[in-house]
Structures are given as C-alpha cells and as structure tokens.
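These protein sequence lines are chains A and B, in that order.
Going left to right, the first sequence walks through residues 1 to 115 as our numbering numbers them.
Going left to right, the second sequence walks through residues 1001 to 1114 as our numbering numbers them.
All C-beta atoms in this analysis are idealised placements derived from N, C-alpha and C, irrespective of residue type, glycine included.
This one's a predicted model, so the numbers in the text were calculated from it and none came from an experiment.
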Amino acid sequence: AQSVTQLDSQVPVFEEAPVELRCNYSSSVSVYLFWYVQYPNQGLQLLLKYLSGSTLVKGINGFEAEFNKSQTSFHLRKPSVHISDTAEYFCAVSGKRAAGNKLTFGGGTRVLVKP
Amino acid sequence: GAGVSQSPRYKVAKRGQDVALRCDPISGHVSLFWYQQALGQGPEFLTYFQNEAQLDKSGLPSDRFFAERPEGSVSTLKIQRTQQEDSAVYLCASSLQEGPGGYTFGSGTRLTVV
Chain A
1 AQSVTQLDSQ VPVFEEAPVE LRCNYSSSVS VYLFWYVQYP NQGLQLLLKY LSGSTLVKGI
61 NGFEAEFNKS QTSFHLRKPS VHISDTAEYF CAVSGKRAAG NKLTFGGGTR VLVKP
Chain B
1001 GAGVSQSPRY KVAKRGQDVA LRCDPISGHV SLFWYQQALG QGPEFLTYFQ NEAQLDKSGL
1061 PSDRFFAERP EGSVSTLKIQ RTQQEDSAVY LCASSLQEGP GGYTFGSGTR LTVV
C-alpha cells in the first residue's frame, strides 16, 4: 500500500515569484510518481511524471519536479508563476505492480497567485 | 470524442434515492478507472476495468456501490440508497493501454445528497 502527504494545504505566492510544493510518499514497493493540476470545476491534468531514469523531471507549463529516493520526496517547483497557475495541485503515486497502475493521491495543495 | 465525457455534470439526490453516473471514455481506451473526490480532499480510487473485466474493486466503500462496463466502452457507476456521506465529485479516467500515468480524466459528476 502507498500513502502520499502534501505538507502544505495552501500556498499563496506573488506573480513572477518561485513556488515549491512539497510531496512525500510512503510505499513498501517501487513506485511511479506524478503531479496533477486541477482547475476549478475541471478534471485532473497531468503536469509531469517520474517513471525511471533522470531524477529531475520537466513537465508542462514550466513545472519541474525532483525525485529523491532517500527522502521519499517528489517536490514540484516553478521558477516564476503566473496568475493562470492558480489551481489545486495533487501529488500521486502508483505501485509498479498495481493493477492498471491505480493512483494514490495526496490531499492537494491550493496555489493562489497574487498580482 | 476528444476527451472523457461524464454525465450528468451535476446530480442532486434525496437520501435513499438510487443514482447512476455515466462515463464515456476515449474511443479505444482499454483501461477505465473511477475515483471519488470528497470536498477539499484528493481523489480516492474506487474501481478499475480493463475492457469489460472489473479487475479491482477494492476501493468501493460499501455494497451500495456498483460499477459496470458491459461492452468494454461506456461505464456506469451506480449508488443505491444514497447517503449524505456519498456527496462528492466522481471522476472517471481512461487510458489506451495498461501503463503508468497515461490517463485522461473527465470533468467529473458532482453528486450532492440532501
């Protein structure tokens, strides 16, 4: 079984400032790692994923995340945010042998970008 | 269609009423998932289909919840005798093949039980 902890429920940030969203996970097996974004009244959109290889993963909209196996973390970063980045962000894991690779999500981090 | 379509978009049910939520996955997608997202929380896994076979239903919270995908395309999530704690957004996701992370999510059905 897996669990995901997103350490910040809300992150206010000024436009053009950097942002980091923290994610830690727990798992008894090897995992794949994901970040999703959810805009109001919409479904989830994949930002990026770590499957294997380089621990620094680049995604859409200028986001990147780094997998740290020893710290069981997968923090999401963006060097300069825009108003349009206001949304809720979810970290998720999937056990490598899970049927269909079902996802276990964290509780989410709400990002509010202020002008 | 171009994306995963869910209907209805909103559903208000009286406590004790039965409801049926529909998911139209992307044509040809083999894998289909249902998730439940309570207010202010992350989505939680309910059940998984590969074609018409329901391979994992470990997340269904009670025997009032039932899902089917009889022809391997459209799926229906049925909730019998709805209760207030069933109020949530129900998300459907589909994928072309079994594999990590390649899912497309629908916009969800918001169920409110009054």
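Within the same chain, Cβ atoms closer than 7 angstroms to the Cβ of A/His82 are found at Glu15, Val113, the five residues on either side in sequence being excluded. By alpha-carbon distance to B/Gln1006, the top candidate from B/Arg1015, B/Ala1013, B/Leu1021 is B/Leu1021. The stretch 1007 to 1016 of chain B makes no contact with the stretch 16 to 25 of chain A: fewer than 3 CB pairs, one atom from each, lie closer than 8 angstroms. For B/Pro1043, the nearest beta carbon of chain A is closer than 8 angstroms to its own beta carbon. Partner residues in the beta bridge of A/Ser26, as assigned by DSSP, are A/Ser3. Against chain A, the beta carbon of B/Leu1021 has no neighbour under 9 angstroms; the closest one sits roughly 14 angstroms away. In the structure shown, the three-state DSSP call for B/Gln1041 is coil.
B/Phe1105 reaches chain A at Tyr36, Gln38, Gln42, Gly43, Leu44, Gln45, Leu46, counting residues in chain order whose Cβ is nearer than 9 angstroms. In this structure, B/Val1004 lies near B/Ala1093, with their beta-carbon atoms less than 8 angstroms apart.
For B/Asp1056, the nearest beta carbon of chain A is closer than 8 angstroms to its own beta carbon. Ranked by Cα distance from B/Ser1031, the first of B/Val1089, B/Glu1071, B/Val1113 is B/Glu1071. Residue-level contact by beta carbon holds for B/Ser1031 and chain A, with a gap shorter than 8 angstroms. Considering only beta carbons, the part of the stretch 59 to 93 of chain A lying closer than 7 angstroms to chain B consists of Phe90, in chain order. Counting along the chain, A/Phe63 sits inside no beta strand (DSSP E), nor does DSSP assign it H or E at all. Listed along chain A, the residues sitting closer than 9 angstroms to B/Leu1091 by beta-carbon distance are Gly43, Leu44.
The criterion of a C-beta distance shorter than 8 angstroms is satisfied by A/Phe90 and B/Gly1042.
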